[in-house]
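Chemist: Start counting the sequence shown at 208; every next residue gets the next number (my numbering).
The beta carbon of each residue, even a glycine, is placed where N, CA and C say it ideally should be.
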Amino acid sequence: MHELSIVANLFEILEEKAKEQKANKIISVKLKVGALSGVVPEFLETAFDIYKKETIASKATLTIENVCFKVQCQKCQAEIVKDDFVFICDTCGSTDLKTLSGTELLLEKIEMELPS
Ligand SMILES: [Zn+2]
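1. In the DSSP output, what is S235 paired with across the bridge?
2. Check whether the stretch 298-317 touches the stretch 240-256, counting contact only when three or more Cβ pairs, one atom from each stretch, lie closer than 8 Å.
3. Of the residues T262, L251, V240, which one's Cα is nearest the Cα of N273?
4. DSSP state of E311, grouped into three classes?
5. Give me whichever residues DSSP pairs with C275 in a beta bridge.
6. Roughly how many angstroms separate the alpha carbons of E261 and D303, rounded to a whole number?
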């Protein structure tokens, strides 16, 4: 499962950030997952829940924001949200399209409990 190695990686970053901030624990984590990132959000959630148990993020909640696959036509500048993978502009029929979003896999936000 591809998602397991992603989550393993994610936890390395989380532990590092928590150490930097001297945080007691991690409360929540937010990820941005593009429709074309190759990651299945449900698998990511499952992997996160398995992985977090023995970590500083054992009580953390994971939020995943799905990012749609969006392209811009380089000919007529139309922005199109794609739900298929047919690379043709709906407006003018051009195949010269630029990907605007949908390939990302980003750690958007970490919420931590800091020592008072
Ligand atoms: Zn077009």
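Modeler: So, to answer that:
1. T268, E318
2. yes
3. V240
4. coil
5. Per DSSP, none; premise fails for C275.
6. 49 Å
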